[in-house]
Structure formats: C-alpha cells, structure tokens
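S.K.: Quick one: this structure, given as structure tokens, is what I'll be asking you about.
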Amino acid sequence: MENKKILSVKNLNKSFGEFKAVNNMNLQVNQGDIYGFLGPNGAGKSTTLRMILGLIKPDSGEILINGKSNSGSNRNFLTSIGALIEKPDFYKNLSAYDNLKILYKMSKLKDINRISEVLKEVDLWDKKNQKVGGFSQGMKQRLGIAQTLIHQPSLIILDEPSNGLDPQGQSDMRSLILRINQEMGITVIISSHILSEIEKISNRMVVINKGEKIVEGNVQELMKNELLKVSFKSENLDSIALFLKKQSIDFESSNDSILANINEENIPLILKKMVDENISITEMKQMRTLEELFLGLTK
Amino acid sequence: MIQLTLIELFKIIKRPRTYIGFLAIFLTVGAMQLAMFYEGEELISIAIQNLENDFRLEGKIINTNLMTYILLNSLIIHIPILICLVTGDAIAGEASSGTLRLILQRPYTRNQIYLAKALSGYLYTISLVFFLALMTYVLGYFLFGSGDLIVLRRGVTVISSNDVGWRFFFAFCSGTLSMIVVASLSMMISSFVNNAIGPIVGTISIIIGLNIIFTLGAPLFKDVIPYIFTSHFIKWQYFFDFEIETEKLKLSFLVQLGYIIVFNAIGMYNFNRKDILS
C-alpha cells in the first residue's frame, strides 16, 4: 500500500538577489514519518522550511500540504502544521500559560483545557505562571514544542530542536519527539546539525547542499548501501592486512589498528572467514556514521 | 478580526513600555500644572502685558480651560513620540524578537494581522489622548477651577466657560485623528524594518523635519504645506475661533484620512510581500 503523502514539495526555487538559496527542490514526506532534513549551514534548510510555512514566498514551485497548495490567501493549511523554526520565541514578559493562550486564541480553538493538557505533555505545568524570560534553554525548547502542539497538528516541523541543549536535554528532546510521533501519531520533520540525532530517530531523510537535494530516502537503506569503515584491532595486524588484501578489500593501516572499507551486508561473512582462518581480533568497531555519509555526499 | 484585535490589545496591555506614555503624560502635565499653580500669575502677566494696555482683564485667567488649551500643544511633538513607542514596535518589535514568525504560522492572512495591529495601536492612541484630556482638565479643575478661556490666536478670543466644553471635545477628536496619522506612519515604517528603534526614530525624524518646513513657511513649499500631514496637527485650534471654518476643517479631516489610508495601504502591501527571515 502506498504511503499517504502529507507534504510534497515540487520544483521549489528561491533566490535572494544573485544568491540561489533553493534550487529545484523536490521532497516528499509521508504520514507517520520522522523525516530528517540534513545539510551544512547555508544549504537552504531553513529557507525551505520557511517556504513550507508561508513565511518566505518561493520564486516558483509548488508546496502541497495534505494535497492542498499553501499559496494564495487561504491560510487554513496552517491549522495542520506546527513549527519551531531555529529557536523558540516567546513574549518574554508573559507567562508560559499566557504565551500559549495567545496561540490558543489565534488557532481558533474551543477547549481552554487544551493549554493545560499541552503544558503537562511537555512537563511545564508547574511552571505555567512563570514568566518565560526566566526559563532555562531546555524549558524554552519544551515550551516551543508545546506551541507547536497546541492546535493538534498532523505535521510538526522542528528546525534544530536540540540546539544549545546539554546531552541530557538532547536525550529528553529525542524522547519527546519519539513520543510525539509514536503516541500522538504526528508526522515530524526535523532538521538538525547533530547528525547522530537524525540517525537515531529518523526513518526517512533528505540531504541537501547548496540549495539542492543530494539524496532522499530511508535512513537504514541509505546507510546500508554505502561502504562502512570498520576498525580492527589485533595483536597481529599483519595477518588482518594479508587477509583483507586477499579479499580485495581497501584498507588503511596505522600503528594500532586497521581501517577497512566494507559493505555493511558483507560484515558477517568477512568475520566468519576471519574466524575460519584463525585470525585473532581484539576489537572490531563499525566506524561508519551518518556524519560520514553526510560529509561524503555534500563534498 | 475582533479576536485578533483583542489579542493585540492584550499584548499591548502586558508590555511595560505601554505605560511609559501614561507615566510621561502624568509627570509632564502634573509638573506643568504645578508650575502654573505656583508661578502662573507671573508668567501670564508677561504674556498678556500688551493686552493689558488696551483691555481691562478681570476674573481668573489661569483656569482649567486655559491649561487644557496650552497642554493640547503637546500633540505636535511630545505625544507622537509616546505613540511611536508602542505602534512602532507592533511589527518591527515582533520581527526582532522572533514572535512575528510565530503569529504568521496561524491561520490568519497578513492583512488581517496588520489591520488588527493597526486597530489596537489606534485604540492605544485614543486612550493616550483621552488620558491627556483627563489629566489636563481634571487636574486643572482641581488646581485652578473653571473660567472663561482667553485664546491668543489671530487676535484675542474670549470664550465663555459655558461654551468651551464642545470645543474641547472636538479639539481632542481632531488631535486624536492627527495622532492616528502618526500611529499609521510608524506602523508603516515598522513593516519595513526588523528593529523597534527604526520606526520610532524614523517617525519622529519625519515629523520634526516636516514641522521645520511648516514653521519656516518657505515660499517654495507654500503650495504643498496644506497637504503635509504635520500642518494639520494644530487644526484643533480652529475649534476655538468664533467663526469656525468648517470647510478648512473638512479638508483637514479628508487630508488626514487620506494619509491614514495611504500609510496603511503601503504598510500592508509591504507586509504581504515581506520574507520573514528573522
């Protein structure tokens, strides 16, 4: 069965003067995805996300949200999207509750209890009357998530949601995103420069560079099809080097380890052969990360 | 639209800078009234020295009506500055704090958001002018009591205390309209920039610049002066003439209304085209 498309971006273009920020971008996000949006700084991620939200007008192209175009004066498409772009922003002189109340009213919601519900969902109920100006970065991020959730959207866009958070905060944010996706059934688009984070939580992703799409697809498949760097440590590195040479596998040697390029699917087979040939290994580590994939693709 | 305007009013009410205007009016009007209470007789005697050569003036010259008339002149520069503090911040302030992109992600058109901001800014403007009226008249009445109003404009006009109420009402209405022009101008500038200082400095610079042109009355600008909006900031004074020039007041009303429409149209056009990059 074909996945239901929640967002389609077709031939999207945007220039700022001479600078081409987004060049013929095509994307597809399916319902239920956690869709990773990767690219180096200045790649056009934020510009694309802002165009999806109608904050920036594209020069050409089409954006369909739930099959409906986001251009024109009808802004009702925004009822199905929640977004946190770059950093959470609030009326700092207002309390967390009042900030959400403004968005509650602007979203034309009817049940005032929704504010307390969403504050509880992000663990900020105890702080509801505190002015946001005094919030920590982690609390601000959580309140930012609450802003995106208040109108119960079917798609949320999170631009660098872990920015500025400590490792515990990043882990909490990851858990929250997974909960939003799995328990609430909300599709998530997440852009992040913390690439391991995308690797951990996304099921599909796109890599963009210089305003252009480089690759899009299932995260596991993208990882699988690429050669992985596998590090071997042994008391007898020469025997490993000889074995890899016989198998026609490229490798690099250093004083205490060998780094080999091996297709992920072949790793079990290679290991079995090494065991069969009595080659001792003290440590084997898969070095391939999404970061390497990302860097390789955006070179 | 009403809901949006109420939200914008809520934001204005909750912002500390909103109260700077009220505090400034309270302090300046209070200070001036007290100064006049203690030294007013001396100051007024200097001002009407020439008059006393030709007329015999009896009664209480310094009264709440005269004080209100004098303080209405603050509409030329002082009150516009206070208005800009809030209306100039409406779009640019939200752009710099990042909340503009937050509200633009809700299902309202940019025109609706702009108009709601403009309407709430106008309500703030009206409340500020109303507070000025309240402060000048009530405090003046408490300190000086009532009396006939002597107006030194194109000669001497003495208006009976029974005849000034409606004149002040229309004078304040005229002043409010002028201040709404100021609010519209600062809103328009606010739509072009991403920091709140720009609209405040920009609006005040324009008002001061145009006031200089108006005051100099240079022949070069003679034909355009009636159509410069700052020249209408003192049209409220026409309500204190014996024979009120209704045609001139109608023209003034239309010119100012025209400015309000043009400023808002430009502001909305720009706001609609603006890419939100902040």
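In the order they appear, the protein sequences are chains A and B. Residues in the first sequence are numbered from 1 upward in steps of one, following our numbering. Residues in the second sequence are numbered from 1001 upward in steps of one, following our numbering. For each residue, glycine too, the CB sits at the ideal point set by N, CA and C. All figures in this text were calculated on a predicted structure; none of them were measured in a lab.
1. Taking 8 Å as the CB-CB cut-off, is residue 1124 of chain B touching chain A?
2. Does chain A have any CB closer than 8 Å to the CB of residue 1109 of chain B?
3. Enumerate, from N- to C-terminal direction, the unbroken alpha helix (DSSP H) stretches of 4 or more residues contained entirely within the region 136-189 of chain A.
4. In chain B, which residues lie with their C-beta within 8 Å of the C-beta of residue 97 of chain A?
5. Residue 15 of chain A by DSSP, collapsed to three states: which one?
6. Consider the Cβ of residue 91 of chain A: report whether some Cβ of chain C lies at a distance smaller than 8 Å.
7. Taking the alpha helix (DSSP H) that residue 1069 of chain B falls in, what are its first and last residues?
8. Locate the alpha helix (DSSP H) running through residue 1117 of chain B, then write down its first and last residues.
9. Could you compute how far the alpha carbon of residue 1107 of chain B sits from the alpha carbon of residue 1029 of chain B?
10. Look up residue 87 of chain A in the DSSP assignment and say whether it is helix, strand or coil.
11. Can you tell me which of B:1129, B:1219, B:1190, B:1136 puts its alpha carbon nearest to the alpha carbon of residue 1177 of chain B?
12. Quick one: give me the first and last residue of the beta strand (DSSP E) that residue 119 of chain A is part of.
13. Between residue 1241 of chain B and chain A, is the shortest Cβ-Cβ distance under 8 Å, so that the two count as touching?
14. Please report whether the beta-carbon of residue 107 of chain A lies at a distance below 8 Å from any beta-carbon of chain B.
15. Flag this pair as touching only if the region 13-25 of chain A and the region 63-71 of chain A have three or more C-beta atom pairs under 8 Å; answer yes or no.
16. So residue 188 of chain A packs on residue 156 of chain A, CB below 8 Å; how close in whole Å?
17. Can you pull the chain A residues whose beta carbon is under 9 Å from the beta carbon of residue 1097 of chain B, in chain order?
18. Using the beta-carbon of each residue, which ones in chain B are nearer than 7 Å to residue 142 of chain A?
19. Would you verify that the beta carbon of residue 1009 of chain B is, or is not, closer than 8 Å to some beta carbon of chain A?
20. Look at the alpha carbon of residue 1 of chain A and the alpha carbon of residue 12 of chain A, and state the distance between them as a whole number of angstroms.
21. Determine contact between the region 1218-1231 of chain B and the region 1089-1107 of chain B, defined as no fewer than three beta-carbon pairs at a distance below 8 Å.
22. Between residue 173 of chain A and residue 36 of chain A, is the Cβ-Cβ spacing less than 8 Å?
23. Determine, for residue 1117 of chain B, whether the minimum Cβ-Cβ distance to residues of chain A falls below 8 Å.
24. Assuming residue 204 of chain A is part of the beta strand (DSSP E), what are its boundary residues?
25. Does the distance from the CB of residue 34 of chain A to the CB of residue 190 of chain A come in under 8 Å?
26. Does DSSP put residue 37 of chain A in a helix, a strand or coil?
27. Under 8 Å, with one C-beta from each stretch per pair, do the region 134-149 of chain A and the region 88-96 of chain A reach the 3-pair mark?
28. Would a check of beta-carbon distances place residue 147 of chain A closer than 8 Å to chain B?
29. Just to confirm the assignment: which complete alpha helix (DSSP H) runs, minimum length 4, are found wholly within the region 1172-1259 of chain B?
30. Would you check if the distance between the CB atom of residue 149 of chain A and the CB atom of residue 1276 of chain B is smaller than 8 Å?
31. Does chain B have any CB closer than 8 Å to the CB of residue 43 of chain A?
32. Are the region 1237-1245 of chain B and the region 1167-1176 of chain B touching by the rule of at least three beta carbon pairs closer than 8 Å?
33. Quick check: the region 1063-1078 of chain B against the region 112-127 of chain A, are at least 3 beta-carbon pairs closer than 8 Å?
34. Would you say residue 300 of chain A and residue 74 of chain A are within 8 Å of each other, going by their C-beta atoms?
35. Would you list the one or two residues that DSSP bridges to residue 216 of chain A?
M.R.: Taking the definition as stated:
1. So no, residue 1124 of chain B is outside the interface.
2. Interface residue, yes.
3. 137-149, 167-182, all fully within the region 136-189 of chain A.
4. Under the 8 Å cutoff, chain B gives no residues; its nearest Cβ is about 12 Å from residue 97 of chain A.
5. Assignment of residue 15 of chain A by DSSP, reduced to helix, strand and coil, places it in the strand class.
6. Among the protein chains of the structure shown, namely A and B, there is no chain C.
7. Following the DSSP letters along the chain, one finds residue 1069 of chain B inside the alpha helix (DSSP H) bounded by residues 1064-1071.
8. Counting along the chain, the alpha helix (DSSP H) containing residue 1117 of chain B begins and ends at 1110-1134.
9. Each residue's Cα considered, the two are about 44 Å apart.
10. If DSSP states are grouped into helix, strand and coil, residue 87 of chain A belongs with coil.
11. If we check each option's Cα against that of residue 1177 of chain B, B:1129 comes out closest.
12. Per DSSP, residue 119 of chain A belongs to no beta strand (DSSP E); it is in the alpha helix (DSSP H), 113-121.
13. Chain A contact via Cβ: absent.
14. Closer than 8 Å to some Cβ of chain B, the Cβ of residue 107 of chain A qualifies, so yes.
15. Two segments are said to touch when three or more pairs of C-beta atoms, one from each, lie closer than 8 Å; by this definition the region 13-25 of chain A does not touch the region 63-71 of chain A.
16. About 5 Å separates the two Cβ atoms, so the contact holds.
17. The contacting residues are 89, 90, 91, 92.
18. Neighbours of residue 142 of chain A on chain B: none; closest Cβ ~16 Å, over 7 Å.
19. Between residue 1009 of chain B and chain A, the shortest Cβ-Cβ separation is not below 8 Å.
20. Note that residue 1 of chain A has pLDDT 45, beneath the 50 cutoff, so the model's placement of it is unreliable and no number is given.
21. Counting C-beta pairs closer than 8 Å gives fewer than three between the region 1218-1231 of chain B and the region 1089-1107 of chain B, which falls short of the contact rule.
22. Residue 173 of chain A places its beta carbon 8 Å or farther from that of residue 36 of chain A.
23. With its beta carbon at least 8 Å from every one in chain A, residue 1117 of chain B lies outside the interface.
24. Note, residue 204 of chain A: beta strand (DSSP E), 204-209.
25. Yes, Cβ-Cβ distance for residue 34 of chain A and residue 190 of chain A is below 8 Å.
26. The answer is strand: DSSP assigns residue 37 of chain A an E or B state.
27. Cβ pair count under 8 Å is three or more, so yes.
28. Flagged as an interface residue toward chain B: residue 147 of chain A, by a C-beta distance shorter than 8 Å.
29. The region 1172-1259 of chain B is shown to contain whole alpha helix (DSSP H) runs of 4 or more residues at 1197-1216, in chain order.
30. The beta carbons of residue 149 of chain A and residue 1276 of chain B sit no closer together than 8 Å.
31. Chain B places no beta carbon closer than 8 Å to that of residue 43 of chain A, leaving this residue out of the contacts.
32. Flag = yes, the region 1237-1245 of chain B and the region 1167-1176 of chain B touch.
33. With the cut-off at 8 Å, the region 112-127 of chain A and the region 1063-1078 of chain B do not touch.
34. No answer is possible for residue 300 of chain A: it lies beyond the span of chain A, which begins at 1 and ends at 299.
35. For residue 216 of chain A, the beta-bridge partners assigned by DSSP are A:206.
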